[in-house]
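Peer 1: One structure, as structure tokens, below. Some questions next.
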Amino acid sequence: MKTDTPTFRTRRALAGMAALAAALALAPAAFAQSGGHEYTVAINSMSFDPPPSNLKVGDTVVWVNRDTVLHSVTARDHSFDLRINPGKSARLTVEKAGRFPFDCLFHTAMRGTLVVADK
Ligand SMILES: [Cu+2]
163 MKTDTPTFRT RRALAGMAAL AAALALAPAA FAQSGGHEYT VAINSMSFDP
213 PPSNLKVGDT VVWVNRDTVL HSVTARDHSF DLRINPGKSA RLTVEKAGRF
263 PFDCLFHTAM RGTLVVADK
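Count the sequence shown with the working numbering and you get residues 163 to 281, in order.
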């Protein structure tokens with residue numbers, strides 16, 4: 163009799179459920195963090211796509227690096243500084259209103275400005 167196979171399957175199933183439960187537990191925290199809108203800004207061919215024009219405090223910008231080199235999204239006043247590897251993304255939740263010029267530390271011709279309104 164092979165009695166160890168069902169036990170093995172049960173263990174694997176339990177491990178899978180534990181991982182799923184952990185993922186579900188993280189989800190509400192991620193939503194609670196922001197509460198604002200989420201926008202995606204791609205980085206393509208060594209330039210930033212235009213940021214959203216209607217950003218408000220509490221909104222989140224997800225930067226997606228579609229290039230094959232490392233980029234940064236660095237505020238000139240250093241209020242934010244993200245490093246984004248090729249094919250990866252990074253999230254930035256904007257916490258104060260104002261104009262925030264930014265560039266890429268590695269390619270200084272890459273520039274943009276985040277304009278953030280009050281809530
Ligand atoms: Cu760059």
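Each residue gets a CB set at the ideal place from its N, CA and C atoms; glycine is no exception.
For Phe268, verify whether its CB is less than 7 Å away from any heavy atom of ligand 1.
Peer 2: yes
Peer 1: Touch check for the region 268-277 and the region 225-239: three-plus C-beta pairs under 8 Å?
Peer 2: yes
Peer 1: Excluding sequence positions up to five away, which residues of its chain have a Cβ less than 8 Å from the Cβ of Asp280?
Peer 2: Lys218, Val219, Ala259
Peer 1: On the three-state DSSP scale, how would you describe Pro212?
Peer 2: coil
Peer 1: Quick check on Phe264: does DSSP put it in helix, strand or coil?
Peer 2: strand
Peer 1: Using only the alpha-carbon positions, how far apart do Ala192 and Arg253 sit?
Peer 2: Residue confidence for Ala192 is low, a pLDDT of 43 falling below 50, so the modelled location carries little weight; the figure read from the coordinates is stated next. C-alpha separation (whole angstroms): 11 Å.
Peer 1: In the DSSP assignment, find the beta strand (DSSP E) that holds Gly274 and state where it starts and stops.
Peer 2: 273-279
Peer 1: Any idea if Met208 is buried or exposed, counting beta-carbon neighbours within 10 angstroms, 16 or more meaning buried?
Peer 2: exposed
Peer 1: Using beta-carbon positions only, say whether Thr236 and Gly198 come within less than 8 Å of one another.
Peer 2: no
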